[in-house]
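Colleague: Below is the structure I would like to discuss, written out as structure tokens.
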Amino acid sequence: MTKKFLTSTYKRADPDQTRAHYDDWATSYDAEIAENGYATPARVAEALARHAPGLCGPLLDFGCGTGLSGVALRAAGFTTIDGADLSADMLKGAAEKGAYRKLWQIEATDPVPGGYDLITATGVIGIGAAPSSTFDVLLGALSSGGLLAMSLNDHTRTDPEFDGRWRAALDAGTARLLFQEYGVHLPGIDLKSTVYVFEKT
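Numbering-wise, numbering that gives the first Met the number 0 puts 141 at position 142 of the sequence shown, and it's gapless, one number per residue.
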């Protein structure tokens with residue numbers, strides 16, 4: 000019987016624990032996520048496509064995992080997608096999908112490279128994944144007018160720290176909220192998520 004990882008994902012962990020969890024999950028990730036109806040990658044991709052000035056410029060899929068988000072971005076019309084992730088084993092799955100121009104492994108402390116006007120973080124920021132400060136890091140990597148599309152699941156939004164990050168950016172005038180929609184995430188475990196698109200001001 001294949002080990003299940005999904006229910007143990009939503010626990011606080013340091014970067015090494017997070018990397019180990021996703022390395023262990025990599026070979027069965029796509030199948031387990033699919034059986035639970037993972038809908039957020041398509042929702043994020045479609046929201047970004049609605050607001051992006053074009054679909055051909057370079058896009059960074061931050062925390063790309065096995066590449067399901069890259070496949071969704073391709074389906075939405077984006078043509079130049081790069082991916083970065085903490086887990087080398089997850090990146091092997093992403094490479095097999097053929098959706099990315101280039102892929103690389105990152106450390107939790109690595110700076111996000113500049114040169115991208117579009118960044119996605121699908122299911123990346125949250126409890127058991129990247130910390131709330133990742134929002135500031137990704138927004139900071141964009142040039143003025145650049146777009147960040149991301150999602151926060153129900154588990155994550157129970158902690159006000161995560162919503163507090165993007166609300167603080169809006170209050171400070173460093174970002175503008177273009178899109179916010181609550182909807183299906185993983186119906187197999189009755190979990191929803193909110194998808195956002197922010198513009199860096």
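Glycine included, each C-beta is placed from N, C-alpha and C at the ideal position.
Contact check, F77 vs L146 under 8 angstroms by CB: the rounded distance?
Modeller: Within the sequence shown, residue 77 is the residue found at index 78, counting from 1. Within the sequence shown, residue 146 is the residue found at index 147, counting from 1. That pair is no contact at about 12 angstroms.
Colleague: Hey, out of S27, T26, P14, P40, whose CA is closest to L185's CA?
Modeller: To locate residue 185, count along the sequence shown from 1; it is residue 186. When each option's Cα is compared against that of L185, the closest is P40.
Colleague: What do you reckon, are the CB atoms on G82 and A75 nearer than 9 angstroms?
Modeller: As a first step, residue 82 is located in the sequence shown; it is residue number 83 there, counting from the start. As a first step, residue 75 is located in the sequence shown; it is residue number 76 there, counting from the start. Against a cut-off of 9 angstroms, the Cβ pair of A75 and G82 comes out as no contact.
Colleague: Under the rule that 16 or more other beta-carbon atoms within 10 Å means buried, what is I32, buried or exposed?
Modeller: If you number the sequence shown from 1, residue 32 lands on position 33. So I32 ends up on the buried side.
Colleague: Looking only at C-alpha atoms, which of A87, D88, A71, S86 sits nearest to I80?
Modeller: Locating residue 80 in the sequence shown gives position 81, where the first residue counts as 1. Closest by alpha carbon: A71.
Colleague: Using only CA atoms, which one of L138, K191, I126 lies nearest to T173?
Modeller: Start at 1 with the first residue of the sequence shown, and residue 173 comes out as number 174. Comparing Cα-Cα distances from T173 to each of L138, K191, I126, the minimum goes to L138.
Colleague: For Q82, which residues does DSSP report across the bridge?
Modeller: Position 83 of the sequence shown, counting from 1, holds the residue named residue 82. Note that residue 82 is Gly in the sequence shown, not Gln. DSSP, once it has assigned bridges, lists D60, L102 as partnering G82.
Colleague: Going by the DSSP bridge assignment, what does G182 pair with across the sheet?
Modeller: Your numbering for residue 182 matches position 183 in the sequence shown. Looking at the DSSP assignment, G182 forms a beta bridge with S192.
Colleague: Going by the CB atoms, is the gap between L169 and L117 shorter than 9 angstroms?
Modeller: Within the sequence shown, numbered from 1, the residue matching residue 117 stands at position 118. Within the sequence shown, numbered from 1, the residue matching residue 169 stands at position 170. Against a cut-off of 9 angstroms, the Cβ pair of L169 and L117 comes out as no contact.
Colleague: Once the 5 residues before and after E180 are set aside, which same chain residues still bring their CB inside 6 angstroms of it?
Modeller: What you label residue 180 is simply residue 181 of the sequence shown in a count that begins at 1. Scanning its chain for C-beta atoms nearer than 6 angstroms, with the 5 sequence neighbours on each side dropped, one finds around E180 the residues V194, in chain order.
Colleague: Bridge partners for K202 per DSSP, in chain order?
Modeller: Here the chain comprises residues numbered 0 to 200, so residue 202 is not present and cannot be evaluated.
Colleague: Which of the three DSSP states is assigned to T119 in this structure?
Modeller: To locate residue 119, count along the sequence shown from 1; it is residue 120. When DSSP states are grouped into helix, strand and coil, T119 belongs to the strand group.
Colleague: Please work out which residues of its chain come closer than 8 angstroms, Cβ to Cβ, to D153, disregarding the five sequence neighbours upstream and downstream, and give them in chain order.
Modeller: Here residue 153 corresponds to residue number 154 of the sequence shown, with the count starting at 1. Contacts found: H184, L190, K191, S192.
Colleague: Using the C-alpha atoms, what's the distance from G53 back to A140?
Modeller: Position 141 of the sequence shown holds residue 140. Position 54 of the sequence shown holds residue 53. So the two alpha carbons sit approximately 19 angstroms from each other.
Colleague: Does the beta-carbon of G66 have 16 or more other beta-carbons within 10 angstroms, so that it is buried, or is it exposed?
Modeller: Taking the first residue of the sequence shown as 1, we reach residue 66 at position 67. G66 should be labelled buried.
Colleague: If you draw a straight line from the alpha carbon of Q104 to that of A128, how long is it in whole angstroms?
Modeller: Start at 1 with the first residue of the sequence shown, and residue 104 comes out as number 105. Start at 1 with the first residue of the sequence shown, and residue 128 comes out as number 129. Cα-Cα distance, rounded: 16 angstroms.
Colleague: For M149, which of L90, A98, L176 has the nearest alpha-carbon?
Modeller: Stepping through the sequence shown from its first residue, residue 149 is reached at position 150. The option with the nearest alpha carbon to M149 is L176.
Colleague: Count the other CB atoms within 10 Å of the CB of R100; is the residue buried (16 or more) or exposed (fewer)?
Modeller: In the sequence shown, counting from the first residue as 1, residue 100 sits at position 101. Exposed, since its Cβ has fewer than 16 Cβ neighbours within 10 Å.
Colleague: In chain order, what residues of the same chain lie with their CB nearer than 8 angstroms to the CB of G69, ignoring the 5 residues before and after it?
Modeller: As a first step, residue 69 is located in the sequence shown; it is residue number 70 there, counting from the start. Cβ within range, chain order: D60, C63, I80, G82, A93, K96, A98, Y99.
Colleague: Leaving out five residues on either side along the sequence, give the residues of the same chain with a beta carbon under 7 angstroms from the beta carbon of V136.
Modeller: Your numbering for residue 136 matches position 137 in the sequence shown. Around V136: V111.
Colleague: Determine the burial state of R42: buried for a count of at least 16 other Cβ atoms within 10 Å of its Cβ, exposed for fewer.
Modeller: Position 43 of the sequence shown, counted from the start, is the residue given in the question as residue 42. The residue in question, R42, is buried, as its Cβ has 16 or more Cβ neighbours within 10 Å.
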